[in-house]
Each structure stands twice: as C-alpha cells, then as structure tokens.
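Taken in order, the first sequence gives residues 196 to 618; the numbers are from my numbering.
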Amino acid sequence: MLQLQAIREHKEEIIDALKKRAIEATSLIEEVSRLDEERRALQTQLDATLAESNKLSKEIGMLFKSGKAQEANAIKVKTGVLKEESKKLGETLNQTAESLQAALYQIPNVPHPSVPAGASEADNEEVFREGAIPDLATDALPHWELAKKHDIIDFELGVKITGAGFPVYKGKGARLQRALISYFLDKNNEAGYTEMQVPHLVNEASGLGTGQLPDKEGQMYHVGEDDLYLIPTAEVPVTNLMRDELLNETDFPICYTAYTPCFRREAGSYGAHVRGLNRLHQFDKVEIVRIEHPDRSYEALDGMVEHVKGILRELQLPFRILRLCGGDLGFTSALTYDFEVFSTAQDRWLEISSVSNFETYQANRLKMRYKDEQGKSRLAHTLNGSSLALPRVLAGILENYQTKESIQIPEVLVPYCGFTHID
RNA sequence: GGAGGAAUGGCAGAGUGGUCGAAUGCGGCAGUCUUGAAAACUGUUGAGGGUCACACCUCCGGGGGUUCGAAUCCCUCUUCCUCCGCCA
C-alpha cells in the first residue's frame, strides 16, 4: 500500500511512474486524494465535537462534586446532543476511511526508476547471462520423460491421491529434492540468513500484510472452516514475523531463510507450458527475506542477486537475469530481477527465482517500522527472493545433465545426495 | 471439547467510574563525574491522526454496550495461562 503522504506530495510523479506498468492511474489517485481530504475534514469535525463533549463532561463532574446537581443536569442536555452528533460523524468517517483503504489497495507499487516501461514479458530487459548451454543429443528428452524413464517422479500417482499438479517424488528423485533443500539452506545460512521454520498456513491478517489479499485470494487455497490460507510462498509467514514491530536502526539488516512447500491454485493455466514440473499446485522452495533500512535496500537487493548467482554458478546451470518491465512487475514490487535457467531439452527459459525490493509498500500494510536517529518512526523496506525454487531447478538439472543412459548429479550436490548419477 | 484465570507503553508490572496516556522498575536517549569505559547521579523517553507550529482528537487485546464521563462496569470474539478430557 502506498503511503498517503507520498500521494499528497508527489501525485503527478506517481501517476507518471505507474504508466510504466501500462496502467492509467489518474482517476484512482484522484479518488484517493478526494477521499483523503474528505476523511481529514470529517476527522477535524469529529475531533471538535468530541473536544466540546469532553470539556462539558469535566464540568459536570466538578458540578456534581460541589453539589450543584441542577446545573449539572442542565449541561447534560447539551452533551446528549453532542453525543448524537459525534455518533453520526463517526459512522460517516468510518465509511470514508474504508473507501479510502479500498481505493489504496487497488494501487500497485511505484516502479523503481530503472524499471523499463512495457506491457508484457516481451519488454523485460536481460541484464546478465552466464553458463554454457550444453550440446545435447538431438533426441534429448524433456524432464517429464526423463522422470518416467528413470522412475523418479510419478505424476499419475499424484493425480490419484490428490489431483494434477501434485507430483510424487520417488527414490533418488525424492533424495535429490531433499539434497537441494539442504544445499540451498546451507548456502543461505553461510551468507548470513538465519534459518526459520514457519507455519504453512496463515491467517487473513498475514495475507493482507504481504499483499496476497485482498486481490489474489483466488490464487491461494483457503481452509474455510478455520479461515486460514495455505501459503503460496514462505514470503508470507516470514515477512509477517515482523508485522506490527517497532524496530531499532541497529536491528538492520534482518535476514531470514526458510524452506517451505508452496501451494498455488494456478486457476486457469493449462497447456503445454505447464507440463511436468513447469507449473505445480504444490512445490518446494527455499526463500530468503530481508528487512532493511531504506537507505540500504537497493544495495541489499544487489547482494541478494549476487548470492543467487553464486548458487547457479556452483550448480553449473546456464542462466540469465531479467529486470522485469513495468507490465510484468508484481503488484507489490518496486524492482524485480527474475532468474531463468535454460532448459535445453525444452529449448526455453524457465523462471527459477524472483528477487524483489518492495520498499515501504508491504511495510506500510504490515506496520513494520523502526526508530530513526531523531527518534521518529519510519517504515522499513522489505525484500525477498527465491534461493531457490525446486521444481524448475530440478527440471534444469535433469535436462541439462542428461546423457544417453543416466543423469549426472552436479558436483556440489553429490555430498548431499550420496550418489553421483541417476540411472 | 469442559471448568477457571488473565490480556495495560520497547519490555516487566501497578491501576480508585472523573484530576489516567496511565505509578514504578528495566531498557533507550542526553548530560554530570571519568584519560576512556563501567558504576552512580540528573534530566528525558509510548503510538497514531491533526497542525507551519501549537491546540485538539484517538488508542490500555478486537468489536459492541451502559454512563454526562470507562483502562476500570456489562456483552461478545480472539489469544495466553492453570486444571480436566482427548491425542501425534
């Protein structure tokens, strides 16, 4: 959620910057401004009424104490009127505040100056590329066929017990998954991220805090009976750890990493591009989250990008980094870098990590603040990134490391797996 | 699931229906002392709205009610603690 003060002070700049997202926000922003002014006017009116009422109440107290009950009762008539008045004003004020909130929820974050304008992923900007694309045999297989050939992932079995998009990992497939999780967590720990184990279900307040609600409830599994949501990413529980916290400057940076399964309904996405591991309802991911001082958040973002780079280098997977254009940028993000691994057998790039700076957008909803040198409370910056998402890394490994008869295990993973190849 | 108790500032913890945004301690900040630090002493220190700045308003877990007036009384929800039941 954008800060009202920012909208008051930089209305034109914000409207202008949002054009990069290929949206025209003028009317929404104007609506917010109007409601904001209305709300403040009502608040002032209500405050004055309450002030008057408070004053009279005190007088009544004094009069009763000195035995002047008759005078006191005379004033009571006045306070009765004021009470009616403030009740009405309060109701109008609440309605206006709710409308204001609703309008604010509809405005996405303002893109960072470096974000290229654009309507779709076609306008994303490649900023980095590394790693040789392996020269595979012409009959190289996509991962879903490799998975079947080596009997390491069973999609049909998942369909039987749950439904499409819930694969069952078997034998060395399952062990490779576990190896990847441990390896990622170890790398993140080494880089200073504190490992956390968090709940996989969250309440509504958490979903609102990181911005999955109120807009994207269709993407989350909802447990109606208990009104809880299955997490679509560890970002939600981990970032919400600091919700409603008032931090000190010396607390920064706060760096967390967590492994969790992620649950996504992915309503309406079917077809060839979602085959195999490309898009799942349940998948594993290791996430990194940072809470930063506003002055250092972009430095931190660069650090996170370098960190993820280092992991992909060790895995020796060919990858590229994209700076997302406005149209492809997530609703809450100010700047996002996507990492993509080249899947040789599918001849396409697969997104495996997304590293973002949300600036104060999430912190504003989360009421995540810190005290600055002057003792003023200010909003912190939140960042997160996948480090890394398992299925597509697995797809990349299977496809890029395949030989005629087996799949080699990347060297760094061998100590974690306990085997050197899958045959 | 059943029966009791509790929820107060960054933390701990008092609180009589009006003078309570709230004692006290710890912590934080500033100062005195010191070569410096620690200790001690002095002062200061909740959050949000609003204002150029004041004024003023709101907030004692959430919501509602009683009252001229609620941290304090009532209802309700949530959470935590104790006991019982069930149980990985």
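In this text, a Cβ means the ideal position worked out from N, Cα and C, and glycines have one as well.
Remember, it's a predicted structure, so these values are computed and weren't measured experimentally.
Spatial neighbours of residue i within its chain, please: C-beta separation below 8 Å, excluding the five flanking residues on both sides.
| i | result |
| --- | --- |
| ASN559 | MET196, LEU197, GLN198, LEU574 |
| TYR300 | MET196, PRO409, ASP410 |
| LYS599 | ALA332 |
| SER248 | THR274, LEU277, LYS278, SER281 |
| LEU436 | MET391, VAL393, TYR451 |
| LEU380 | GLU390, THR452, TYR454, VAL481 |
| GLN165 | The requested residue 165 is not part of the displayed model; the chain covers only 196 to 618. |
| SER572 | LEU441, ARG564, TYR565, LYS566 |
Hey, residue i and residue j: beta-carbon distance below 8 Å or not?
| i | j | result |
| --- | --- | --- |
| GLU594 | PRO337 | yes |
| TYR454 | ILE356 | no |
| LYS206 | GLY521 | no |
| TYR416 | ARG460 | yes |
| PHE458 | LEU425 | yes |
| THR445 | GLN557 | no |
| ASN304 | GLU554 | yes |
| TYR378 | LEU608 | yes |
| HIS502 | ALA374 | no |
| ALA327 | PRO605 | no |
| VAL431 | GLY402 | yes |
| GLY360 | LEU475 | yes |
| HIS488 | PHE447 | yes |
| ILE156 | LYS382 | The chain is shown from 196 up to 618; residue 156 falls before or after that span and cannot be answered. |
Could you compute how far the alpha carbon of residue i sits from the alpha carbon of residue j?
| i | j | result |
| --- | --- | --- |
| LEU524 | ASN552 | 11 Å |
| LEU284 | LYS562 | 27 Å |
| VAL550 | ASP497 | 9 Å |
| GLN511 | ALA201 | 44 Å |
| ASN289 | ASP439 | 22 Å |
| LEU352 | SER601 | 23 Å |
| LEU442 | ILE270 | 47 Å |
| TRP544 | SER582 | 17 Å |
| THR221 | GLY313 | 18 Å |
| THR539 | VAL588 | 13 Å |
| GLU219 | GLY256 | 57 Å |
| GLY358 | THR428 | 20 Å |
| ALA590 | ALA342 | 9 Å |
| ASN473 | ALA462 | 15 Å |
| VAL363 | ILE347 | 8 Å |
| ARG470 | TRP339 | 8 Å |
| GLY262 | LYS250 | 19 Å |
| THR577 | ASP334 | 45 Å |
| ARG508 | PRO610 | 17 Å |
| GLN407 | SER252 | 46 Å |
| ARG491 | LEU241 | 41 Å |
| VAL418 | SER294 | 28 Å |
| ASP542 | THR527 | 31 Å |
| PRO329 | HIS345 | 21 Å |
| ALA495 | ALA243 | 46 Å |
| ALA529 | ILE302 | 12 Å |
Tell me which same chain residues have a C-beta within less than 6 Å of the C-beta of residue i, skipping the five on either side of it?
| i | result |
| --- | --- |
| ASP479 | PRO456, LEU585 |
| MET499 | VAL550, GLY580 |
| GLU320 | PRO311, ARG518 |
| LEU258 | GLU266, ALA267 |
| TYR596 | ILE602, GLN603 |
Can you name the residues that DSSP bridges to residue i?
| i | result |
| --- | --- |
| VAL550 | TYR532, GLY580 |
| PRO456 | ASP479 |
| SER538 | ARG543 |
| ILE620 | Any answer about residue 620 is impossible in this case: the structure gives the chain only from 196 up to 618. |
| PHE614 | Per DSSP, none; premise fails for PHE614. |
| THR389 | TYR451 |
| TYR565 | LEU442, ARG573 |
| LEU396 | LEU425 |
| LEU517 | GLU321, ASP533 |
| HIS417 | TYR424 |
| VAL484 | TYR451, ASN579 |
| ILE602 | GLN597, ILE617 |
Only counting the same chain, and skipping five residues up and downstream in sequence, which positions put a Cβ closer than 7 Å to that of residue i?
| i | result |
| --- | --- |
| GLU233 | THR291 |
| ALA298 | LEU223, GLU226, VAL227, LEU230 |
| ILE237 | Checking the displayed sequence, the identity of residue 237 turns out to be Leu instead of Ile. Closer than 7 Å at the Cβ level, and outside the excluded window around LEU237, lie LEU284, THR287, LEU288, THR291. |
| LEU245 | SER281 |
| GLU316 | ASP523 |
Less than 7 Å between the CB of residue i and some heavy atom of the ligand MG, yes or no?
| i | result |
| --- | --- |
| GLY505 | No copy of the ligand MG appears in this structure; indeed no ligand is present at all. |
Count the C-beta pairs between the segment 605-617 and the segment 359-375 that are closer than 8 Å, then say yes if the count reaches three, no if not. yes
Tell me, please, whether the segment 509-517 touches the segment 300-313 by the rule of three or more beta-carbon pairs shorter than 8 Å. no
Are the segment 479-490 and the segment 272-280 touching, with three or more C-beta to C-beta distances below 8 Å? no
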